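Below is one structure, written out as C-alpha coordinates; the observations come after it.
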Amino acid sequence: MKIGLKLFTVLCSVVFTLRVTAQAVVYPFPQGVESSKVYKVTVDNREVFVYDAPVAPIASFDMAGPVDIEVQADRDIKWVDIRPRNLVRIIFLPGHFLSRCSIPAPHQRVGHNR
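Each residue of the sequence shown is one higher than the one before, counting from 143 in this note's numbering.
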(Lines of atoms letter the chains of each structure in order from A and count residues from 1; the text may use other names and numbers.)
(Lines give C-alpha, C1' and ligand atoms only; values in the text may rest on other atoms or scores of the structure.)
Protein backbone atom coordinates (compact mmCIF):
# COMPACT_ATOMS: atom_id res chain seq x y z
CA MET A 1 0.00 0.00 0.00
CA LYS A 2 1.41 3.37 -1.00
CA ILE A 3 2.14 5.97 1.65
CA GLY A 4 -0.58 8.58 1.68
CA LEU A 5 -3.24 6.25 0.30
CA LYS A 6 -6.18 6.43 2.64
CA LEU A 7 -8.84 3.82 2.60
CA PHE A 8 -12.24 4.09 4.18
CA THR A 9 -14.58 1.16 4.35
CA VAL A 10 -18.21 1.26 5.24
CA LEU A 11 -19.52 -2.23 5.74
CA CYS A 12 -23.23 -2.68 5.94
CA SER A 13 -23.85 -5.85 7.88
CA VAL A 14 -27.27 -6.78 6.71
CA VAL A 15 -29.69 -8.64 8.91
CA PHE A 16 -33.06 -9.52 7.44
CA THR A 17 -35.84 -9.55 10.01
CA LEU A 18 -39.60 -9.70 9.69
CA ARG A 19 -40.38 -7.25 12.48
CA VAL A 20 -38.38 -4.06 12.14
CA THR A 21 -39.76 -0.66 13.06
CA ALA A 22 -36.76 1.44 11.96
CA GLN A 23 -34.91 1.20 8.65
CA ALA A 24 -31.44 1.41 10.26
CA VAL A 25 -30.11 -0.24 13.40
CA VAL A 26 -27.19 1.67 14.94
CA TYR A 27 -25.34 -0.11 17.72
CA PRO A 28 -24.15 1.57 20.96
CA PHE A 29 -20.58 2.82 21.11
CA PRO A 30 -18.24 0.30 22.77
CA GLN A 31 -16.85 1.45 26.11
CA GLY A 32 -13.11 2.04 26.30
CA VAL A 33 -12.61 2.16 22.52
CA GLU A 34 -11.81 5.46 20.81
CA SER A 35 -13.58 6.33 17.60
CA SER A 36 -11.84 7.66 14.50
CA LYS A 37 -10.75 11.27 14.87
CA VAL A 38 -10.83 11.76 11.08
CA TYR A 39 -14.17 10.29 9.98
CA LYS A 40 -17.76 10.72 11.13
CA VAL A 41 -20.58 8.54 9.75
CA THR A 42 -24.32 9.01 10.20
CA VAL A 43 -27.12 6.75 9.00
CA ASP A 44 -30.56 8.37 8.82
CA ASN A 45 -29.15 11.22 10.97
CA ARG A 46 -27.98 8.81 13.71
CA GLU A 47 -24.25 8.69 14.49
CA VAL A 48 -22.49 5.38 13.81
CA PHE A 49 -19.34 4.41 15.72
CA VAL A 50 -16.27 4.47 13.43
CA TYR A 51 -13.58 2.02 14.56
CA ASP A 52 -10.07 3.35 13.98
CA ALA A 53 -8.61 0.09 12.62
CA PRO A 54 -4.92 -0.11 11.55
CA VAL A 55 -5.61 -0.54 7.81
CA ALA A 56 -8.81 1.49 7.43
CA PRO A 57 -11.51 2.92 9.68
CA ILE A 58 -14.68 0.80 9.72
CA ALA A 59 -18.31 1.68 10.41
CA SER A 60 -20.96 -1.03 10.71
CA PHE A 61 -24.76 -0.98 11.00
CA ASP A 62 -27.79 -3.02 10.00
CA MET A 63 -30.64 -1.94 7.75
CA ALA A 64 -34.04 -3.27 6.73
CA GLY A 65 -34.85 -0.82 3.93
CA PRO A 66 -33.66 2.39 2.29
CA VAL A 67 -31.25 4.55 4.34
CA ASP A 68 -29.34 7.80 3.84
CA ILE A 69 -25.65 7.74 4.76
CA GLU A 70 -23.41 10.74 5.37
CA VAL A 71 -19.62 10.47 5.67
CA GLN A 72 -17.55 13.44 6.85
CA ALA A 73 -13.77 13.72 6.97
CA ASP A 74 -11.65 16.53 8.37
CA ARG A 75 -9.20 16.24 5.46
CA ASP A 76 -9.30 16.76 1.71
CA ILE A 77 -10.54 13.69 -0.18
CA LYS A 78 -10.06 13.58 -3.96
CA TRP A 79 -12.57 10.86 -4.81
CA VAL A 80 -15.01 8.38 -3.28
CA ASP A 81 -15.93 4.95 -4.60
CA ILE A 82 -18.77 3.01 -2.99
CA ARG A 83 -19.57 -0.36 -4.53
CA PRO A 84 -21.68 -1.75 -6.06
CA ARG A 85 -21.97 1.48 -8.06
CA ASN A 86 -25.32 0.65 -9.66
CA LEU A 87 -27.08 0.54 -6.27
CA VAL A 88 -25.71 3.73 -4.70
CA ARG A 89 -26.31 7.40 -5.49
CA ILE A 90 -23.45 9.63 -4.27
CA ILE A 91 -23.54 13.40 -3.77
CA PHE A 92 -20.03 14.85 -3.42
CA LEU A 93 -19.90 18.32 -1.87
CA PRO A 94 -16.74 20.49 -2.20
CA GLY A 95 -14.84 22.02 0.71
CA HIS A 96 -14.29 19.87 3.78
CA PHE A 97 -15.08 16.37 2.64
CA LEU A 98 -18.74 15.50 2.95
CA SER A 99 -20.35 12.68 1.03
CA ARG A 100 -23.99 11.68 1.10
CA CYS A 101 -25.46 8.59 -0.47
CA SER A 102 -28.74 6.73 -0.41
CA ILE A 103 -28.84 2.96 -0.25
CA PRO A 104 -32.16 1.62 -1.53
CA ALA A 105 -32.10 -1.84 0.05
CA PRO A 106 -30.02 -4.08 2.32
CA HIS A 107 -26.80 -5.16 0.60
CA GLN A 108 -23.11 -5.34 1.54
CA ARG A 109 -21.24 -2.17 0.55
CA VAL A 110 -17.56 -1.34 0.47
CA GLY A 111 -16.24 2.19 0.04
CA HIS A 112 -12.78 3.58 -0.71
CA ASN A 113 -11.35 7.06 -1.02
CA ARG A 114 -8.07 8.88 -1.70
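Where a beta carbon is used, it is the ideal one built from N, C-alpha and C, also for glycine. Since the structure is predicted, the reported quantities are computational estimates derived from the model, not experimental observations.
**Study point:** Residue of M205, D210, E212 minimising C-alpha distance to D165
**Key:** To locate residue 165, count along the sequence shown from 1; it is residue 23. Correcting the residue identity first, residue 165 is Gln in this sequence and not Asp. Put simply, of M205, D210, E212 the residue whose alpha carbon is nearest the alpha carbon of Q165 is M205.
Check your understanding: Count the other CB atoms within 10 Å of the CB of F203; is the residue buried (16 or more) or exposed (fewer)?
Key -> Within the sequence shown, numbered from 1, the residue matching residue 203 stands at position 61. The residue in question, F203, is buried, as its Cβ has 16 or more Cβ neighbours within 10 Å.
Practice item. Alpha carbon to alpha carbon, how far is C243 from N187? Give it in angstroms, no decimals. Key: For the purposes of this step, residue 187 is taken as the residue at position 45 of the sequence shown. For the purposes of this step, residue 243 is taken as the residue at position 101 of the sequence shown. Distance between the alpha carbons of N187 and C243 is about 12 Å.
Point to revise | Option in S177, P248, P172 with minimal Cα separation from P199 | key: Along the sequence shown, read from residue 1 onward, the residue named residue 199 stands at position 57. Distances from the CA of P199 to each of S177, P248, P172 were compared; the closest alpha carbon is that of S177.
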